[in-house]
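A short worksheet on the structure shown next.
2 protein chains.
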Amino acid sequence: MKHMNNKLMKGYKFNSFFTETKNNKKLKIGLISIEPYGECVSAFTKNLLKSNSIIVSQKHLKKTDKVRYILTNSGCANTACGKDGLKITEEICGYLAKQLGIKKEEVLIASTGVIGEPLPKEVFINSIPKLISSLSDNKSSVVEFAKSILTTDTKPKVVYKHFKNNNVLCIAKGAGMIAPQLKLYKPHATMLVFLLTDLWIEKKLMEKLMKETVVPLFNSFSIDGDTSPNDTIFFVSLRDRNSYKLSNNELKKFSEVLKFVCEETIKQLLFDGEGVTKVVKIIIENCSKEKSEVLARTISNSLLVKTAINGADPNWGRILAAIGRSGVKLDIDKVDIYIGKHCVVKNGTSNFVDDKVVRETMLNNFFEIKIDIKSRKKESFVFYTTDLSKKYVDINSKYKT
Amino acid sequence: MKHMNNKLMKGYKFNSFFTETKNNKKLKIGLISIEPYGECVSAFTKNLLKSNSIIVSQKHLKKTDKVRYILTNSGCANTACGKDGLKITEEICGYLAKQLGIKKEEVLIASTGVIGEPLPKEVFINSIPKLISSLSDNKSSVVEFAKSILTTDTKPKVVYKHFKNNNVLCIAKGAGMIAPQLKLYKPHATMLVFLLTDLWIEKKLMEKLMKETVVPLFNSFSIDGDTSPNDTIFFVSLRDRNSYKLSNNELKKFSEVLKFVCEETIKQLLFDGEGVTKVVKIIIENCSKEKSEVLARTISNSLLVKTAINGADPNWGRILAAIGRSGVKLDIDKVDIYIGKHCVVKNGTSNFVDDKVVRETMLNNFFEIKIDIKSRKKESFVFYTTDLSKKYVDINSKYKT
């Protein structure tokens, strides 16, 4: 955030505050305004269970190409909360639109929190005038907004980068129930990502960037393997006639910037994951992408691998056993496993490396596990995961009650 | 074990003791003798990675119908341990056979422990004469043997039942890396199960019992979702000409006894699972068996569900989200979820039951979660799982080092 001026970027303003429901439950509400308006490409969770906030946003995105406001909240997932849940969501968006004299479908909404309770309508209705009245483009309002979407995260996630006197800003949250499997225009998360730029990017280019850069990156990490019903990415490009238009020639360079911003955001999400003390980069080599993803997710979700990472325990047998039980057809007698630079498994069997040496690598808070499947498919795949600590158990056995 | 006399059952003798390897690592060795001999039907892990003990046992079972000795050890999985690992396993079985004047293939072997080290040959060679010399049919030797196969288990698992003046004895171990997916004659665990009877059961009937009763039961529970490369069930029937022969007419009654013995063993395994404080019976109703198994395993392996169980937190949204991300095609708006007798989710949405009431049920160390999918398939499926506690993390972040 060293490049941030007091005014961060044109077109976007932010506001947020903490409030309480009738039952003294904490609720944080946030609002992003986009002037004159933005074009939005979105991605949502693949979970069959969907937040009402996702259902309403999808409906609105189908009706219009103009996005003027994004309403957010943390403390309530707005998911599986009865017949009225959807109606209340519509009413809240409708009330906001009415106050602003815009169309209801020009409002998007994203929620995170506990599943099973509808949005507290009164709290929203009472908060909306205040939210609208003090929107700001000051950088401190961005940080405050980033804080307002947090649940069990401990730090706000804001990544910012210049591109030819223009700006790319990414605000995100997500520490648990994190194993994004996003589909373009299809439901998935409680990872919320707001990827905003004051550049004018044609919708087709936005879709290309989303499909080829943004979604694959956000689908390649997991904290706990639990894909949320609320995961949402809103990628917004400003529609200001003075905006700089991204040309086809600049697409490659811009996608590099976007990649940097997404990777930096994911790094922040991983290291602030629930109880996380270590982040591991899993690299699968010489294997088809489909098989690699199953292998990476199986290793990533193995309780025994995650706890071994937590304790810096070079118990690579757990990695090899996870590969063997993954359901992927492969020749286990060909598999090599590296922890950092150490080849611990050669051709499916111990390479007899001293545990103490491997443990040194695993004591770092970031290291690589590379798996060479040596199949004919010469593709490679990268996936990030975390350890499982006692603190994770502590956080998640106490969350709701 | 209240029915046990000093001599437990004819035909079977046991011995075991604790020893140490060169590097001062603990190793426990055990031996079961079957006189005159037994017929064995086996099931092994589905994991592509296989213990050398499984590879050798499979080879021996193909060569002969006679099983005279079962050699066991805990402390070393005998898995992924170099080219010599298999050779050493063969040599150990060969040495035992030579000492006894029997054929090598009449010896089976089962191992559990850390992956990556071969069996310490010298320790076995030195221990075998002692193992052979003091075999006993005393019930205390059964308990000692049951202790000798333990790793992180805290209690020996012995289940015993009469059947028409004959006996069924089950000795088992397994506290972590427990998610059996056994296949008849195919490799799978570090669950070890020795299911022994002094009844004469024809091989075809044994195979039927194994396929229809034993394997489905042992495949229907999970502690941590990590299917081991060592899982083994040896089901042995005595071939003594004085043995009582099980008739076809008695099959149903006997299978009830066998079911009781297996269920009791599984209960003991679950409650003694690594760090386990709660056991949950998951019942999936009105759904095909294939889909039910995927649903049950997804719920069972969800870190968020497991930690909620640990904290008796009625956060049913995590169960519904796990169903939604399972990959199973279903109508999420039809799903009902019961925790104990409380219907917490009705037609995919909150039934607004007071959390405090549900929490009362979840404070028990055993309760049921019932999920009604309401599909046209009217099948039902039962699966057992456990919570995830800080102690599990503690045990598994320290295991090897």
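Heads up: the protein sequence lines correspond to chains A and B, in order. Per this note's numbering, the first sequence starts with residue 696, numbered consecutively. Per this note's numbering, the second sequence starts with residue 696, numbered consecutively. Virtual Cβ for every residue (Gly too), placed ideally from N, Cα, C.
Item: Taking the straight line between their C-alpha atoms, what separation do you get for A/K881 and A/C735?; Value: Any answer about A/K881 is weak, because its pLDDT of 34 lies below 50 and its placement is not dependable; what the coordinates show is given next. If I take the Cα positions, the gap works out to 14 Å.
Item: Hey, out of B/T740, B/A738 and B/C771, whose CA is closest to B/I724's CA?; Value: B/C771
Item: Would A/F1076 pass as an interface residue toward chain B - the criterion being a Cβ-Cβ separation below 8 Å?; Value: no
Item: Would the segment 841–857 of chain B count as touching the segment 1063–1076 of chain A if we require 3 or more Cβ pairs under 8 Å?; Value: no
Item: Candidates A/L744, A/A841 and A/Q753: which alpha carbon is nearest A/L726's?; Value: A/A841
Item: Kindly list the residues whose CB is nearer than 6 Å to the CB of B/S917, restricted to its own chain and excluding five residues on each side of it in sequence; keep chain order.; Value: A874, S995 and T1080
Item: Using a Cβ-Cβ cut-off of less than 8 Å, give me the residues of the segment 1016–1048 of chain B that come near chain A, in sequence order.; Value: A1016, A1017, I1018, G1019, R1020, L1025, I1027, V1040, G1043, T1044, S1045 and F1047
Item: Measuring only between beta-carbons, confirm whether B/W1011 sits less than 8 Å from chain A.; Value: yes
Item: Is it right to say A/G789 is buried, meaning 16 or more other beta carbons lie within 10 angstroms of its own, or is it exposed?; Value: exposed
Item: With B/V863 as the anchor, note down where its beta strand (DSSP E) starts and where it stops.; Value: N861 to K868
Item: Run through chain B and tell me which residues come within less than 8 Å of A/D1067, C-beta to C-beta.; Value: What A/D1067 touches in chain B: nothing, since even the nearest Cβ is about 15 Å away.
Item: Can the beta-carbon of B/S987 be found less than 8 Å from the beta-carbon of A/C776?; Value: no
Item: My output table needs one value for B/S711: the three-state DSSP class, helix, strand or coil.; Value: strand
Item: Along the chain, where does the beta strand (DSSP E) containing B/V931 start, and where does it finish?; Value: T927 to L933
Item: Which bits of chain B does A/I787 rub up against, with CB to CB less than 8 Å?; Value: Here the premise fails: no neighbours, minimum Cβ distance about 18 Å.
Item: Under 8 Å between beta-carbons, which chain A residues line up against B/M886? List them in chain order, please.; Value: Chain A residues near B/M886: none, gap ~13 Å exceeds 8 Å.
Item: Please report the distance separating the alpha-carbon of A/L804 from that of A/T927.; Value: Residue identity differs from the one stated: residue 804 of chain A is Ile in this sequence, not Leu. Cα to Cα, the separation comes out at about 10 Å.
Item: A/K940 to A/I896, Cα distance in whole Å?; Value: 6 Å
Item: Checking 8 Å against the spacing of the C-beta atoms, do A/I787 and A/R763 come in under that value?; Value: no
Item: If A/I977 sits next to A/F1078, beta carbons under 8 Å apart, how far is it from one beta carbon to the other, in whole angstroms?; Value: 5 Å
Item: Using a Cβ-Cβ cut-off of 8 Å, state whether A/L744 counts as contacting chain B.; Value: yes
Item: Got a sec: which bits of the segment 763–791 of chain A sit with their beta carbon under 8 Å from any beta carbon on chain B, in order along the chain?; Value: A772, T774, A775, C776, G777, K778 and G780
Item: Short check: CB of B/V1040 to CB of B/V1052, under 8 Å?; Value: no
Item: Any Cβ of chain A within less than 8 Å of the Cβ of B/S835?; Value: no
Item: Against chain A, does B/L879 count as a neighbour if the rule is that its beta carbon must be under 8 Å from one of theirs?; Value: Because the pLDDT of B/L879 is 48, which lies under 50, any placement of that residue in the model is unreliable, and the number read from its coordinates should be weighed accordingly. With 8 Å as the cut-off, B/L879 does not count as an interface residue toward chain A.
Item: Check the Cβ of B/A805 against every Cβ in chain A and list those closer than 9 Å, keeping chain order.; Value: Here the premise fails: no neighbours, minimum Cβ distance about 17 Å.
Item: What residue from B/S1021, B/V888 and B/I1018 has the CA that sits closest to B/V863's CA?; Value: B/V888
Item: According to DSSP, what are the bridge partners of B/D1089?; Value: B/D1089 is not bridged to any residue.
Item: Classify B/E801: buried if its beta carbon has 16 or more other beta carbons within 10 angstroms, exposed otherwise.; Value: buried
Item: Considering only the alpha carbon of each residue, which of B/L964, B/S932, B/P815 and B/L891 lies closest to B/T716?; Value: B/P815
Item: Per DSSP, what kind of secondary structure is B/A874 in: helix, strand or coil?; Value: coil
Item: Quick one: which chain A residues come within Cβ less than 9 Å of B/L894?; Value: Going along chain A, no residue has its Cβ under 9 Å from B/L894, so there is no contact; the nearest lies around 34 Å.
Item: If B/G869 and B/L964 are in contact, beta carbons under 8 Å, what's the gap, nearest whole angstrom?; Value: 5 Å
Item: Does the beta carbon of A/P924 come closer than 8 Å to any beta carbon on chain B?; Value: yes
Item: Please list the partners that B/K1085 has in chain A, where partner means a Cβ-to-Cβ separation under 7 Å.; Value: K1085, V1088 and D1089
Item: Comparing the C-beta of B/V910 with each C-beta of chain A, is any distance below 8 Å?; Value: no
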